[in-house]
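*Asks:* When the letters of the sequence shown are read in order and numbered with UniProt numbering, they come out as residues 1 to 246.
We put the beta carbon where it would ideally sit given N, CA and C, even for glycine.
This is the structure I want to talk about, given as structure tokens.
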Amino acid sequence: MEKRKLEQLLFYLIYIKAISEVLKYSRNLTLEQLKLLNEIITYNETHERGVYIEDLIKTMHMSKRNIRYNLEHLYHLKWIIKIRDDADQRRLLILPTDLYHKKLDILFIEVEEVINLKYLSTNMKHFNSLKLSYVIIIYSALNQVKQVAQQFNLTLDELFVLGKLIYYHDTISLKSVCGFSHHCLIGIPNTINRLSQKGYITKCRNNNDERLVNIKIVESRANETETLFIQCYNKLQMEMIINDLT
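In structure tokens form, the structure reads like this:
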């Protein structure tokens, strides 16, 4: 697999992970909640009215319980409002608040600053300015990648670390692998242990210094691993092409 393609896939994996982490701890939001908010905004802009909860359940493929929980959370944080339908007072319409544009601008300026300072370099060539629709497209694309990884018994964190090992190709020290964590976004020791248990990597002592541990890819699974990353990249690209992000 071309290094350029692998680099792009790995970037988006850590990019969305960083966004999720910042949203969680600075704004008490999840990407699923932002995805729901994006659906409400898109519906409002397209139809110039609010959306029914029943319609959100159909389009979001989420349970009624989760939809209601996330709506209450967004309502509590003043991202949305609820009004009675004039045609049927028993039904509620969900709309974004009047100030949602300003709130989103402020939110993503803050998120972008934290990501640049703490997790990622500002000169990353795949980086784009944060917008809600852009983030949701990448998040949804990586959910498709997650399904591919699960077929190979891997999580996205395991996929990321395995991809970094493939990127550097040669045997690499455990100390160097710990540098892949992006300030503890990825729990490297546990991820390495799981990859070892699943037979994707091996750990061995350094020939020159037995105090050091080296990590290397299991050669007998090289073709399987190559197939995995090609499928993941193709899935990512397909979603991006559909949404004009290439």
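(1) Starting from the C-beta of L107, find all residues in its chain whose C-beta is less than 7 Å away, skip the five residues before and the five after it, and write them out in chain order.
(2) Buried or exposed: K125, going by 16 or more other Cβ atoms within 10 Å of its Cβ?
(3) Quick one: using the 10 Å Cβ neighbour count with 16 as the cut-off for buried, is E21 buried or exposed?
(4) Does the beta-carbon of L195 have 16 or more other beta-carbons within 10 angstroms, so that it is buried, or is it exposed?
(5) Would G56 pass as a contact of E39 if the rule is Cβ separation under 9 Å?
(6) Of the residues K24, A222 and I188, which one's Cα is nearest the Cα of L156?
(7) Classify Y69 as buried or exposed, calling it buried when 16 or more other Cβ atoms lie within 10 Å of its own Cβ.
(8) Please return the same chain residues whose Cβ sits closer than 6 Å to the Cβ of H182, not counting the five positions on each side in sequence.
(9) On the three-state DSSP scale, how would you describe L95?
(10) With H, G and I counted as helix, E and B as strand and the rest as coil, what does DSSP make of H126?
(11) Measuring CA to CA, which of R205, L142 and Y52 is closest to Q8?
(12) Decide if the region 210-230 is in contact with the region 172-179; the criterion is three or more beta carbon pairs, one per stretch, under 8 Å apart.
(13) Would you mind sorting Q33 into buried or exposed? The rule is 16 or more other CB atoms within 10 Å of its CB.
*Replies:* With the given structure in hand:
(1) Excluding residues within five positions, the ones whose Cβ falls inside 7 Å are R27.
(2) Interpretation of K125 is limited by its pLDDT of 48, a score under 50 that renders its predicted location unreliable; no figure is taken from the coordinates.
(3) The C-beta of E21 has 16 or more other C-beta atoms within 10 Å across all chains shown, which makes the residue buried.
(4) It is buried - the Cβ of L195 has at least 16 other Cβ atoms within 10 Å.
(5) Contrary to the premise, residue 56 reads as Leu rather than Gly in this sequence. In this structure, E39 lies closer than 9 Å to L56 by Cβ.
(6) Taking each of K24, A222 and I188 in turn and checking the Cα distance to L156, the smallest one comes out for I188.
(7) Y69 should be labelled exposed.
(8) Correct list, in chain order: I14 and Y119.
(9) Assignment of L95 by DSSP, reduced to helix, strand and coil, places it in the strand class.
(10) At H126, the pLDDT of 49 sits below 50, so the modelled position is not reliable; the number obtained from the coordinates is stated separately. In the structure shown, H126 adopts coil according to DSSP, grouped into three states.
(11) Considering only alpha carbons, the answer is L142.
(12) Segment contact: the region 210-230 against the region 172-179, three or more CB-CB distances shorter than 8 Å; contact assigned.
(13) By the beta-carbon neighbour count (other beta carbons within 10 angstroms, threshold 16), Q33 is buried.
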